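Heads up: the structure comes next, in structure tokens.
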């Protein structure tokens with residue numbers, strides 16, 4: 001059952017980039033994030049109540065939650081905006097370098113060890129990303145103007161920063177409570193902005209496909225997937241669970257190609273393979289330490 005939980009979470013997270021692209025056809029990034037959080041929070045509260053999860057109060061907990069909320073809000077807005085200008089396929093492959101960025105930031109800020117194999121993995125994965133965003137034509141510097149790809153790459157770093165910044169918090173608190181705690185300020189900020197700028201009546205006139213995509217993002221990607229991931233990690237351990245993350249960009253591609261008519265060329269395949277190989281090399285060496 002643990003393997004099913006992990007597979008469910010990773011596939012849904014991979015599909016979430018496709019769902020985001022669909023929603024962006026009718027919603028702004030702030031409206032999309034706001035609606036996603038508004039729908040997800042009641043479900044997360046119900047899950048926390050079901051599991052008996054409670055906030056363990058300490059002098060720094062609210063400050064840590066506020067910092068985490070600021071980072072995660074920026075992360076989602078950067079990523080959603082990036083998806084306006086690049087493909088879901090590119091997003092899936094670029095985001096898969098997040099574990100490497102997390103390792104690098106942990107080395108810089110938490111003084112955790114980093115091996116030469118990790119450095120090799122970072123170099124290999126970076127080469128893969130360059131092939132992806134340049135479509136194999138590195139000498140044509142037009143790819144440097146790819147705003148969407150750069151924003152997605154930045155969002156990989158913001159997620160890594162969030163992971164490092166909340167590491168102590170998630171060790172002392174239920175991950176479910178941390179998720180709720182960081183999303184509440186996000187919901188308040190989005191609500192205030194949307195009250196001032198959005199036509200709320202238009203939300204009742206969205207197409208069926210956007211309602212479905214929004215449901216996938218809020219119910220499955222934000223609420224259930226996080227819960228299932230935690231249960232899966234508890235069952236098989238973090239090291240084995242990490243292997244399932246290699247399936248996320250594959251899940252994105254298998255849905256983006258037929259649903260969004262995105263292209264999957266030879267350099268996408270080669271670049272994606274290099275990204276996964278780089279992450280694999282780095283993570284294997286981290287596990288062996």
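Numbering (the working numbering), first residue to last: 1 to 289. For each residue, glycine too, the CB sits at the ideal point set by N, CA and C. Please read these numbers as outputs of a predicted model, since none were measured by experiment.
Please name the residue, chosen from the options, that lies closest to residue i on a Cα-to-Cα basis.
i           : options            : result
residue 99  : 245, 198, 6        : 245
residue 250 : 92, 215, 191       : 92
residue 44  : 180, 212, 76       : 180
residue 131 : 268, 282, 278      : 268
residue 121 : 96, 134, 211, 108  : 96
residue 303 : 174, 258, 237, 278 : This structure cannot speak to residue 303, because the chain is shown only from 1 to 289.
residue 48  : 273, 228, 203      : 228
residue 90  : 106, 108, 18       : 18
residue 116 : 155, 87, 103, 128  : 103
residue 167 : 33, 65, 15         : 65
residue 157 : 13, 106, 46        : 106
residue 277 : 32, 61, 119        : 119
residue 149 : 170, 257, 284, 94  : 94
residue 46  : 223, 36, 266       : 223
residue 161 : 114, 108, 190      : 108
residue 279 : 225, 37, 31, 125   : 125
residue 281 : 114, 14, 87, 37    : 114
Apart from the five residues on each side of it in sequence, which residues of its chain come closer than 6 Å, Cβ to Cβ, to residue i?
i           : result
residue 247 : 10
residue 8   : 228
residue 76  : 33
residue 185 : 69
residue 257 : 264
residue 235 : 2
Residues in its own chain within less than 8 Å of residue i by CB, not counting five upstream and five downstream?
i           : result
residue 74  : 158
residue 219 : 39, 40, 43
What does a CB cutoff of less than 7 Å around residue i pick up in its chain, not counting 5 residues either side in sequence?
i           : result
residue 189 : 73
residue 67  : 165
- Task: Would you list, in sequence order, the uninterrupted alpha helix (DSSP H) runs of no fewer than 4 residues that lie entirely inside the stretch 37-69?
- Result: DSSP runs (the alpha helix (DSSP H)) wholly in the stretch 37-69: none.
- Query: Counting only runs that start and end within the stretch 107-159, where is the beta strand (DSSP E) found for 3 or more residues in a row?
  - Reply: Scanning the stretch 107-159 for uninterrupted beta strand (DSSP E) segments of 3 residues or longer gives nothing; none is fully contained.
- Query: Which runs of the alpha helix (DSSP H), 4 residues or longer, sit entirely within the stretch 216-274?
  - Reply: If one requires a minimum length of 4 residues, the alpha helix (DSSP H) runs lying completely within the stretch 216-274 are 225-236, 238-244, 248-260, in chain order.
- Query: Just checking, does the stretch 65-84 make contact with the stretch 256-263 on the three C-beta pairs under 8 Å criterion?
  - Reply: No contact exists between the stretch 65-84 and the stretch 256-263.
- Would you say the stretch 162-175 touches the stretch 22-31, given that touching needs at least three Cβ pairs under 8 Å? Segments in contact, no.
- Stretch pair the stretch 202-217 + the stretch 51-67: three plus CB contacts closer than 8 Å: The stretch 202-217 vs the stretch 51-67: no contact.
- Query: Can you give, in chain order, each stretch of the alpha helix (DSSP H) that sits fully within the stretch 155-194 and has at least 4 residues?
  - Reply: With a minimum length of 4 residues, the continuous alpha helix (DSSP H) runs that stay inside the stretch 155-194 are 167-172.
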